[in-house]
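Counting from 14, one number per residue, gives the positions in the sequence shown under this note's numbering.
No residue lacks a Cβ here, since even glycine has one placed at the ideal position from N, Cα and C.
To start, the structure under review is shown below, and the notes come after it.
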Amino acid sequence: MSDDNDLDTNTLLGLGERIRNLRVERDLTLAALSAKSQISVGMLSHIERGKTSPSLKLLDRLRVALGVPLASFFESHGDRSAEEGTITRVGHRSTLAFSKTGLTKELLSPPGHSEMEMLMLSIEVGGGSGSDPWRRNGEKAGYVMQGRFELQIGEQIHVLEQGDAFQFDSRQPHWFRNLADSETKVIWIIRSSEAG
14 MSDDNDLDTN
24 TLLGLGERIR
34 NLRVERDLTL
44 AALSAKSQIS
54 VGMLSHIERG
64 KTSPSLKLLD
74 RLRVALGVPL
84 ASFFESHGDR
94 SAEEGTITRV
104 GHRSTLAFSK
114 TGLTKELLSP
124 PGHSEMEMLM
134 LSIEVGGGSG
144 SDPWRRNGEK
154 AGYVMQGRFE
164 LQIGEQIHVL
174 EQGDAFQFDS
184 RQPHWFRNLA
194 DSETKVIWII
204 RSSEAG
């Protein structure tokens, strides 16, 4: 297991509790979630108690095992407005920052249980998605707001710059990295056809 994508300490606040609440809501023991996610009971316990920072890959495994969208890990369970599920106001966006890979994900779409999620990815100089390729049943699309980045889909490498857009079948292995001398920002849309 790689720790490439460790969350910033501030981001851990509340994440473990949200994961525990999602597990309990589904009547899953730590052992049952461990079996579904292929994450050890000890690691899950540490994540739930905020003692260990889960990587982006571990969050994705938990998302699938719990049958929830990635947005569930961003959500706070505070007061809910009448706009919930429809609108996300600029001052109320949640973020997950992965310091070791230089990647911050800001949830743009309203928290909910949609098959589609929209994120703003901020990729630091030299940052990216990590060394292991990603795969997810569904589609991904995006628009480069600022900067320049490399997107590899299968064996094809694409260099995208400000104003460029993309869309692909996300069952193909894929990863990305910032090629610019400054931060790159990408609107990233995920439509998932798998549970969670």
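Environment of residue i [buried if 16+ CB atoms lie within 10 Å]
i	result
S195	exposed
R190	buried
D73	buried
T117	buried
V81	buried
L105	As written in the sequence, residue 105 is His, which differs from the Leu given in the question. H105 comes out exposed.
S142	buried
R184	exposed
I32	buried
D92	Note on D92: pLDDT 46, under 50, position unreliable in the model; no value is reported.
P123	buried
T101	buried
Opening and closing residue of the alpha helix (DSSP H) in which residue i lies
i	result
A45	L43 to S50
H171	Note, H171: premise wrong, no alpha helix (DSSP H); beta strand (DSSP E) at Q169 to E174.
K198	It is not in any alpha helix (DSSP H) - K198 instead sits in the beta strand (DSSP E) that spans T197 to S205.
Sequence-distant residues of the same chain with beta carbon closer than 6 Å to residue i, five excluded per side
i	result
H90	Below a pLDDT of 50, predicted positions are generally treated as unreliable, and H90, at 41, falls in that range; the measurement from the model is reported next regardless. Taken in chain order, the list of residues that qualify is empty.
M129	R204
W201	L132, L134 and G155
Boundaries (first-last residue) of the beta strand (DSSP E) holding residue i
i	result
R39	From DSSP, R39 is part of no beta strand (DSSP E); its letter is neither H nor E.
G143	Element bounds for G143: n/a, residue is neither H nor E.
Q165	R161 to I166
K118	L116 to L120
E130	M129 to I136
R190	H187 to N191
T108	T108 to F111
D182	A178 to D182
Residues near residue i by beta carbon distance below 8 Å, same chain, minus five either side
i	result
K198	M133, L134, S135, I136, V157, M158, Q159 and G160
V138	G115, N191, A193, D194, S195 and E196
Q175	V157, M158, Q159, G160 and R161
7 Å CB neighbourhood of residue i in its chain, flanking five on each side removed
i	result
L213	The shown model of the chain, from 14 to 209, leaves out residue 213, and the question about it has no answer.
L192	R161, F162, E163 and V172
L35	L79, V81 and S85
G11	Residue numbering for the chain in the displayed model covers 14 to 209; residue 11 lies beyond these limits and cannot be assessed.
The ligand ZN heavy atom lying under 7 Å from the CB of residue i
i	result
L57	Absence of the ligand ZN from the depicted structure is noted, as is the absence of any ligand whatsoever, leaving it without description.
Rounded distance between the beta-carbons of residue j and residue i, thought under 8 Å
i	j	result
I60	G29	6 Å
W188	Q165	6 Å
F181	K153	6 Å
Exercise. Whole alpha helix (DSSP H) runs in the segment 55 to 81 with 4 or more residues, listed along the chain?
Worked result: Fully enclosed alpha helix (DSSP H) runs of 4 or longer: 69 to 79.
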